[in-house]
Amino acid sequence: MDDKTTTLTINTSDGGMINDTNSMTITKQFLDQSLISNGLQWYSLGISDISGITTTQLLDNAITSAKIADDTITGNDIQNSTISTTQLADDSVTSDKIANGTITGSDIQVSAISFTQLADGAVTAPKLANNPGNGTSGQGIISNGDGSFDWDDVGGAFRTTEGVPDTHNVESGNVGIGTTTPTEKLEVDGNIKITNDLI
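First residue of the sequence shown? That's 23 in the numbering used here, and the numbers climb one at a time after it.
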């Protein structure tokens, strides 16, 4: 058996020839090999109890999805980075196939999601970057200039210059220009320029 050129003829127990529906296992040094026939000749599969079948023993395209039983492959059976987008059929990954909490911000490429892919009401204030919770009554969300947003106590302010409110309308109904605490119906903190005689 150590001579790789040696050929063997194996008969059945009653002396007949083995037909093409039979297979058997023969033991060689360091390796158990299984023999199988295609009806014309016998082949050694070279299946070891230790290593099993490796990728080098499989023909290209020999394993198709129809030959894989349902639920036999789990995430633990797939090596990192072995499946790319080119290997996924269009629309094959749906929301019900993604486990909760498995996709983080680092898994989403820049500009991968546009507003057309967001359901109405899906983005709430706590989901904005750097935004601490739901804020408090009367606060507004302002941009930090770096793609993130924060709550801000803008009160009744409106019309801003580079993020700084310059006109305020407080709950009392007083309007202030240049002041956040107007004490009269109109209070201006600064010079007033009049271009006509009406005031």
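A virtual CB, placed ideally from N, CA and C, is assigned to each residue, including glycine.
Residue i: first and last residue of the uninterrupted beta strand (DSSP E) it sits in
| i | result |
| --- | --- |
| residue 209 | 208-210 |
| residue 171 | 171-174 |
| residue 198 | 197-199 |
Three-way DSSP call (helix, strand, coil) for residue i in this model
| i | result |
| --- | --- |
| residue 91 | coil |
| residue 78 | helix |
| residue 98 | helix |
| residue 50 | Residue placement at residue 50 is poorly supported in this model, since its pLDDT is 47, which falls under 50; the coordinates still yield a value, given next. Residue state, collapsed to three classes: strand. |
Checklist entry - Counting only runs that start and end within the stretch 100-169, where is the alpha helix (DSSP H) found for 4 or more residues in a row? => result none
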